[in-house]
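Enquirer:
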């Protein structure tokens with residue numbers, strides 16, 4: 001399993017509108033918004049930032065997501081390393097899992113759905 005680089009940065013917020021305006025002030029443009037207080041922003045370089053609003057009783061988190069080419073192959077390699085990592089389909093058309101590094105940080109791994117190359121995703 002070889003990472004193809006950073007796919008996205010996922011951020012949680014208590015206020016989608018304020019968070020989006022903050023990133024727009026830094027030069028990001030809204031690529032799309034959802035009907036459930038989330039959306040994706042993109043700058044001229046680098047990965048997109050996906051922001052999702054969460055309830056006030058949760059602490060906002062952040063997760064870096066790495067792109068990989070093949071979820072099935074990666075899932076087997078994770079099992080061989082003794083790591084849990086079942087990939088599941090997302091509502092936005094990819095396969096994704098999360099895992100913890102040796103220091104406890106949570107990382108996302110994202111792959112295109114079967115039959116799609118990373119260039120098509």
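In the UniProt record's numbering, the protein residues as written are 1 to 121.
In this text, a Cβ means the ideal position worked out from N, Cα and C, and glycines have one as well.
If you're wondering where the values come from, they're calculated on a predicted model, not measured in any experiment.
Count Cβ pairs between the segment 1-21 and the segment 30-40 that sit closer than 8 Å; are there 3 or more?
Expert: The segment 1-21 vs the segment 30-40: in contact.
Enquirer: Just tell me which of 106, 69, 14, 113 has its CA closest to the CA of residue 83.
Expert: Out of 106, 69, 14, 113, 106 has the C-alpha closest to the C-alpha of residue 83.
Enquirer: Looking at C-beta atoms only, is the number of pairs between the segment 6-16 and the segment 42-53 that lie closer than 8 Å three or more?
Expert: A contact exists between the segment 6-16 and the segment 42-53.
Enquirer: Using 8 Å as the threshold, is the C-beta distance between residue 48 and residue 29 below it?
Expert: Contact flag unset, no.
Enquirer: Taking the continuous beta strand (DSSP E) assigned at residue 63, which residues delimit it?
Expert: Start and end: 62-67.
Enquirer: Checking contacts by CB at 8 Å: is residue 34 closer than that to chain C?
Expert: The question asks about chain C, but that chain is absent: this structure has only one protein chain.
Enquirer: Put residue 17 into one of helix, strand or coil per three-state DSSP.
Expert: Of the three classes helix, strand and coil, the one that applies to residue 17 here is helix, per DSSP.
Enquirer: How should residue 68 be labelled, buried or exposed, when 16 other C-beta atoms within 10 angstroms of its C-beta is the threshold for buried?
Expert: Buried, since its Cβ has 16 or more Cβ neighbours within 10 Å.
Enquirer: Secondary structure at residue 72, three-state DSSP: helix, strand or coil?
Expert: Residue 72 falls in the helix class under three-state DSSP.
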